[in-house]
Structure formats: C-alpha cells, structure tokens
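Residue numbers (our numbering): 691 to 1335.
The beta carbon of each residue, even a glycine, is placed where N, CA and C say it ideally should be.
These numbers come from a predicted model, not from an experiment.
A quick write-up on the structure given underneath.
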Ligand SMILES: [Ca+2]
Ligand SMILES: [Ca+2]
C-alpha cells in the first residue's frame, strides 16, 4: 500500500518533469539569443568526398577499391620477397603497383596547375544552415570526428547558433577563405549577430588562418585552433623533401599505443620480421624513390594546394625545390601552382602576427594542443611528440617539446614548463593563450564527461581568457582516455574536495562515495583514484589515509580495515587541523570519528523509509557535487551528518 503510493507519486513527478521538458527547447532558444553564433570548420577527410554523378566514394577510397589495389600489388610483392632484389625486380614491382595506386587516388587528384581534376567529385553533404535546421542526428555523421563537440556547442549557444563547415581538403585554402567569408556573412544575416566565433579543427585551422589573413577580424568574436596544423605538419614537410624513412622503434611504440600492449611488439621484435620489411622498404626507396614520387605521390597529392598547406614554413623552399624538379608539367602550369602555394605560405609564415593582431583587437584567441602520442613512423620526424596525427610543435604554434618518452634538458626553465617537463610553452606564438592536453589523441572528443566543456568555454567566452583565467583550465591539462575526464596536471592526488590538502575528510568522501551515499563529481573521482586503475574503490580511500598518515601507519590501516559500522558514534571534532598530539593518536582519533559518522549514516539509512532516505542523502550529494567550488561545503556536509545523528 505504502509502496504503491510511493510509486504513484514518483510517476506523477515524472509526468510533471516530462511536461516541463516539453518547454525546454523553446526556453533554450530564447535563452541563447544574443550568444555569438559558432562556426566549426572541420578537418581533413572528415567529410567524405564522392563522385556526385554516381555517388561512389572518392576519398577515403571504398574498401573494394583498396582490396583490388592490394590484390594487384600482391603477386609482384611476393615475387620481390623471393627474388634477388635487383633493380629489375624493384622496377617490376613499381610497374605493377604504381598505376593501381594512382588509379585509387586519381578521383581526388589535382591538375598540375593546382586546379581540381575531377569537377564531378565533391562533398557528399554540406549543411549551410544551422544545426537547428537539420537536427543534431543528421549533422553528427558517423564519420565526423568532432561530433561530440556539437551537442556541447548546442547546449552552450543553442542549435540555431551552431554551424558546421564541411571541408573539401583538395582545395586552395585561399579559396576556402572566400567561402568561409560567405558563410560568416550568411550566419550574421540569419542570426542577427554582429560577430561569429570561429573554431578550426585540425586542417580547419589552416582555413581559419587564411580567412583571418584575407578578411580580418571585424566579424569575429573568438578564434579557437583545436589540434590544428596551422603551422604545418612536420612529417609532410620531410616527405615533400624526399625524406621517407621507416622508424622501427616508432613503429613499435605506435603499435603498443594502438593495441595497449607490447605483446605484438615482442613477437615482431623476436622474429625480426619488421626489420626485414623495413630493410625491404629502404631498398625499394633507394632503387625506385624517384619513380614513387614522379609516377605516384606527385600525381596523386603533389598538385593539391590543400596538401601543400601541411608543409611547414621552414621546409617550404626545400620542398618546392624537391617536388617541382620532379613534376612533369609545363612552366606555365608550374608558375600557376607556385602562385597558389606561395599565397597560402605567406599566410602561414605570418600566422603569429595575424593571431596577435586578432588578440589586440579584442578577439578571444585560443590554441589547444595535445601531446605524448607517437607520430606516424614514416619520416625522420618520428621521434617528435604529438597527438598521433600532428606534432605538438605545430598544433601549439612552436612550443619547445621533448621527444616522445623524454623530458626537456635540465637547463630549460621558464614560467611555461609543464609539470612533467615535456613542454616549454614560452616559445609559442601566444604562450598565454596556448593550452596543452597530455594523453589526448588527435580530435578524440568525448562528451561523456567534462572534456568538451573546456573547448566550449574557449569557443563561447564573451571576454578574452588566457591560461590564468580559470583554475580548472590551467595551461597544462591531463586527459584520461579511459574515464574521459580532463583535469589540471597540477591536481593533487587524494585531494577529493580540492582544499589543497589530502586528509581524512577526503578519505571519508571517498568512502561515502564507495558506499553510494554521495556521488562525487567526475573530476573528484579522478583525484580520488589513488592507484590509477580508473575505479574508485575502498583501496583508494585506504591510500588517501596512508598518504595522510605520512607513512603506511599500521594503526591507521588496522583501524581502517576494522571499520566497525555498528560502533557508537563519538562527537565529531569537526576539524582536521589544530595541534597534533602524536601523529598516530590524531590519525586514530579522526578515523574513529569518520567511521563513527559513517556508521550512524548506515544505521539511519537502514531504518529509514525509502522516501526518507532520499531526503537525507540528496542534500549531501548536492553539496558534494559542488566540492570544486567550496571545500568547506563538503566538510560541512560531513559535520551536518554527524550532528544530525
Ligand atoms: Ca582535501
Ligand atoms: Ca582506484
């Protein structure tokens, strides 16, 4: 009977909540009026290129075409493995393989003058209106890597203020700049907003740079470069200089990072098969390097202005010398291509000044760069730290970075060195506006926890911010790819209520979380996970106690293990400070207090009716959710509990 009533009131509450939800879109829309609209410029290959007359995939190539290419290459490759590896053997391989690889990439190739070769190839979709017009589901294509950013953006500024530009990466960034300008005008007309927030993701940052250089910042409120190649890509520069090289150690590390184990590496290492294959590639490159460039890489990618935008300024002259001398094109074609490439490279060389001018004009400029992942081990730049796709040096606008797995030399000191001594941001174009996320892969966005909040904060802030503006987002952040939680690198492990110390209040919060009396925030849980196993368990509370005790105090451990839940609660001292008697006595006393309170809560909840239980735990949970803001609130929540008992 009582239970039935309880259910009925719950269902009434649910109906009321559902009814309220019906009004949420309308409320949200009016809420977000006056917010600057947001234009996300997407990256390389995020939007699929298709033959628009047939609908077949142009890039990435469809699986059947890749299979056909491999099938065509296999006999020649097998022949090479058993041959004496003479020049004739390598040439036979090239004769068989290069034409099919060329055919695979031909749909996205450009003409020698840098114009599009196949005008029938284009984006499969483009959504020129706001997300509100199409709905999130439509815009969040399965292959779109930034899709988790979109719901976060919609929450922040409303679907009617979020726009996504799909990138045809073959095109000249200077032409794309014109198109972005048209979009900006259109967005202003549609929303009535004076300014638009621009976010460039990966290659999108290249296009944002070109737009800013060409059209200035009068229409722009925020510029956010996210894992962007706005200063180039080191290994493309090396490749376009002809420096192809397979890095065996880099390959192993990449494999380990991809599969999360060194098993495969050990197998490969013990058989020597990788070393043999690398030797084969080296021999092939020595025998036929020029053919690979002239017959395949240049026709497929070498005339694409978009691909050239990845060449860093420092390599541009030598890349041009290497590639242009191998191009089978007329002087007029070369001149036309060079003019296009030079125009963007002038933009790239000046991007620091462009961004500084934007900042001086009151635009919020932010650069976000990830690190600590192995890069593709295909060039002499393989040892540089990165996000698996772009080197940190480039996504950060020239931070000084230790190579992968290393730290900076001891002599490196500045106010901008990361706590792990892997990054020195003082050499960045904008040291105070550049953030670093350790252990986040390229565009590995996740809305599961707090990660997108950070990006959205930068994209939507109405007053300019920098690395000193928000304690939650200092210059150096740490991402946990398992829990998807972003935390400051300086976060004190064990300090669950963020009051700057690790003590029994923290241990108690963890215990109460483990026992489901409270729900700690995602960031608090990250702080609580003392053993780093991505779970918050009893052992973590124990570890916090041990940390507090200074050493593994046997008294503390024993008392903790005892954890008598039926113990009579003693009066809570309400304070963890004050003069310590002997360290051991103090620890023991506080544990007893903590356990006493816990025991009383347990007793109470065991005897309370379900609705009553909800009453007593909810305020506590709320208080604990807000621990980041007020450490004392959490401490108070604990005191209240014991007083009430
Ligand atoms: Ca604390
Ligand atoms: Ca743990």
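Item to complete: Can you grab the Cα-Cα spacing for the pair residue 776 / residue 749, in whole Å?
Response: 35 Å
Fill in: Entirely enclosed beta strand (DSSP E) segments - the region 1123-1205, minimum 3 residues
With a minimum length of 3 residues, the continuous beta strand (DSSP E) runs that stay inside the region 1123-1205 are 1124-1128, 1166-1170 and 1175-1178.
Worksheet item: With respect to 7 Å, is the separation between the Cβ of residue 1367 and the closest non-hydrogen atom of ligand 2 below this value?
Response: A query on residue 1367 cannot be resolved here, the shown segment of the chain reaching from 691 to 1335 and no further.
Discussion item. I need the boundaries of the alpha helix (DSSP H) containing residue 941, first residue and last residue.
Written reply: 938-949
Practice prompt. Kindly indicate which three-state DSSP category residue 1059 falls into: helix, strand or coil?
Written response: strand
Worksheet item: Any idea what DSSP makes of residue 1102, helix, strand or coil?
Response: coil
Practice prompt. Please say whether residue 903 and residue 1040 have beta carbons closer to each other than 8 Å?
Written response: Against a cut-off of 8 Å, the Cβ pair of residue 903 and residue 1040 comes out as a contact.
Discussion item. By the three-class DSSP mapping on this structure, what secondary structure does residue 1087 have?
Written reply: Per DSSP, reduced to three states, the secondary structure at residue 1087 is coil, with no helix or strand assignment.
Practice prompt. Thinking residue 1213 and residue 1173 are a contact (beta carbons under 8 Å), I'd like their distance in whole angstroms, please.
Written response: About 10 Å; that fails the 8 Å criterion.
Discussion item. Can you tell me whether residue 743 is buried or exposed? The criterion is at least 16 other CB atoms within 10 Å of its CB, across all chains shown.
Written reply: exposed
Worksheet entry | First through last residue of the beta strand (DSSP E) which encompasses residue 914 | Segment 910-916, the beta strand (DSSP E) holding residue 914.
Discussion item. Using the Cβ count rule (16 or more neighbours within 10 Å means buried), how would you classify residue 1210?
Written reply: By the 10 Å Cβ count, residue 1210 comes out buried.
Worksheet entry | Contact under 8 Å by Cβ, residue 1049 with residue 1123 | Yes, the Cβ-Cβ distance between residue 1049 and residue 1123 is below 8 Å.
Worksheet entry | Close-in-space but distant-in-sequence residues of the same chain around residue 813 (CB under 6 Å, 5 per side omitted) | 737, 856 and 858
Worksheet item: Should the region 951-958 be regarded as contacting the region 913-929, the criterion being three or more beta carbon pairs within less than 8 Å?
Response: no
Worksheet item: What's the gap between the Cα of residue 1197 and the Cα of residue 1224?
Response: 17 Å
Worksheet item: Helix, strand or coil: which one does DSSP assign to residue 972?
Response: helix
Discussion item. Considering only heavy atoms of ligand 1, does any lie closer than 7 Å to the CB of residue 1202?
Written reply: no
Discussion item. Does the beta-carbon of residue 1229, which I'm using as the reference point, lie nearer than 7 Å to any heavy atom of ligand 2?
Written reply: Checking every heavy atom of ligand 2 against the Cβ of residue 1229, one is found closer than 7 Å.
Discussion item. Rounded to whole angstroms, what is the Cα-Cα separation between residue 983 and residue 781?
Written reply: 14 Å
Worksheet item: Cβ of residue 1185 within 7 Å of any heavy atom in ligand 2?
Response: no
Fill in: Bridge partner(s) assigned by DSSP for residue 891
916
Fill in: Start-to-end residues for the beta strand (DSSP E) that takes in residue 853
Taken as a continuous stretch (DSSP letters only), the beta strand (DSSP E) holding residue 853 covers 852-855.
Worksheet item: For residue 842, which three-state DSSP category applies?
Response: helix
Item to complete: Give me the Cα-Cα distance between residue 937 and residue 1070, rounded to the nearest whole angstrom.
Response: A direct Cα-Cα distance of roughly 8 Å separates residue 937 from residue 1070.
Worksheet item: Taking the C-alpha atoms as reference points, what is the distance between residue 890 and residue 735?
Response: 14 Å
Worksheet item: With burial defined as no fewer than 16 other Cβ atoms inside 10 Å of the residue's Cβ, what is the status of residue 851: buried or exposed?
Response: buried
Worksheet item: Taking DSSP as the reference, what is the three-state secondary structure of residue 1022?
Response: If DSSP states are grouped into helix, strand and coil, residue 1022 belongs with the helices.
Worksheet item: Which residues in the same chain as residue 1012 place their Cβ atom closer than 6 Å to its Cβ, once the five residues preceding and following it in sequence are excluded?
Response: 931 and 932
Worksheet item: In angstroms, rounded to a whole number, what distance separates the CA positions of residue 1130 and residue 944?
Response: Going by C-alpha positions, residue 1130 is about 14 Å away from residue 944.
Fill in: Residues near residue 1107 in its chain [Cβ-Cβ closer than 6 Å; skip 5 each side]
1114
Discussion item. For a minimum of 3 consecutive residues, which ranges assigned as the beta strand (DSSP E) are wholly contained in the region 717-794?
Written reply: 728-731, 739-741 and 747-749
Practice prompt. Check whether the Cβ atoms of residue 1063 and residue 947 lie closer than 8 Å to each other.
Written response: Yes, the Cβ-Cβ distance between residue 1063 and residue 947 is below 8 Å.
Worksheet item: Who are the near neighbours of residue 942 in its chain, counting only those whose CB is closer than 6 Å to its CB and skipping five residues on each side?
Response: 955
Worksheet item: Do you know how far the Cα of residue 1218 is from the Cα of residue 695?
Response: Note that residue 695 scores 45 on pLDDT, short of 50, meaning its location in the model is unreliable; the coordinates nonetheless yield the value given after this. Each residue's alpha carbon lies about 39 Å from the other.
Worksheet item: At which residues does the alpha helix (DSSP H) containing residue 821 begin and terminate?
Response: 821-824
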